[in-house]
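Let me begin by presenting the structure, written as structure tokens, before commenting on it.
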Amino acid sequence: MKKLVTLLAMLVMLASGASAQESYFGGQRVLIAYFSWSGNTQRVAQEIQRLTGGTLFRIEPVTPYPTDYTECTEVALEERDNDARPAIASTVENWNDYDIVFIGCPVWWHTAPMIISTFAESYDFKGKTVVPFCTYASTFRDETLQKIVDLTPDAAHLTGLGARSGQTSGVQAWLNSINDEWEENGGSTGINNVSATQGDKNNVTYDLSGRVVKNEEASHGVFIVSKNGKSHKVLK
Ligand SMILES: Cc1cc2nc3c(=O)[nH]c(=O)nc-3n(C[C@H](O)[C@H](O)[C@H](O)COP(=O)(O)O)c2cc1C
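Residue numbering for the sequence shown is -13 to 222, as defined by the numbering used here.
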């Protein structure tokens, strides 16, 4: 009896694994490449993996980012302002085998962390379909998704997902919709959508977690003030 139960469990696992793999993007091979500093983007990446049966690739810097939040924001800002290309510790094996490449990251200082630029410039995206995703506290979701699209001009793109604080509840509905999008286009190239715009990027002050703060509350500490599309760090 115990053996039978084990056998049945194995069959169920096999069946569900196989159907997950085949039910999205016509069974084409999926890679989920992501960078995550505090785990939110990793959670979303793992959910995409669970549902698509794709392969996870964690983009890890050769030089780890500081574990202290404020120090990390400082390194990140410096990298962004210097258009840095932080080195990546490992490479994707069998790159040519993948057709659909999800690229995910947190929003860092209004855009994708510079290590995403390193990643995008390290591989040939011709013939691939890139799907951007990001996690964020409150702002610059669309700019970050757009950045991933801009970094991969040779690829086709499907509509991206921005998951606030790394929430995974919307992942399945999103995958279903981009699968439809992919099927409608016959799996061909030339799709270049990112999510609809949201958020007010003008005249906003927010803290280092990306939380919008009202000006009167912004009395002590380090804040980012965003005005007319430009932003700078202020110490109050
Ligand atoms: C250096 C740094 C910069 C950030 N900048 C923003 C930002 O501009 N807008 C925003 O909404 N959140 C910002 N955040 C918050 C992260 O995007 C958010 O917490 C994200 O889900 C973290 O993902 P992770 O856990 O995968 O690293 C920033 C966080 C860090 C560490």
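The beta carbon of each residue, even a glycine, is placed where N, CA and C say it ideally should be.
(message) Is Pro52 near ligand 1 - that is, is its Cβ less than 6 Å away from at least one heavy atom of it?
(response) no
(request) Can you give me the start and stop residues for the alpha helix (DSSP H) that Phe105 sits inside? (result) Met100 to Glu107
(request) State the CB to CB distance for the pair Gly148 and Cys120, rounded to an integer number of angstroms; the pair is presumed to be in contact (CB under 8 Å). (result) 5 Å
(message) Just to confirm before moving on: does the CB-CB distance between Val30 and Gly172 stay below 7 Å?
(response) no
(request) Reducing DSSP to helix, strand and coil, say where Ala149 ends up. (result) strand
(request) Note down the Cα distance separating Ser9 from Arg71, rounded to an integer number of angstroms. (result) 36 Å
(message) Given the structure, does Pro72 come close to ligand 1, in the sense that its CB is under 6 Å from one of the ligand's heavy atoms?
(response) no
(message) Need the endpoints of the beta strand (DSSP E) that Ala123 sits in, please.
(response) Taken as a continuous stretch (DSSP letters only), Ala123 belongs to no beta strand (DSSP E), as it is neither H nor E.
(message) Suppose you measure from the CA of Asn82 to the CA of Ile74; what does that come to, to the nearest Å?
(response) 19 Å
(message) Tell me the rounded alpha-carbon separation between Thr130 and Ala142.
(response) 17 Å
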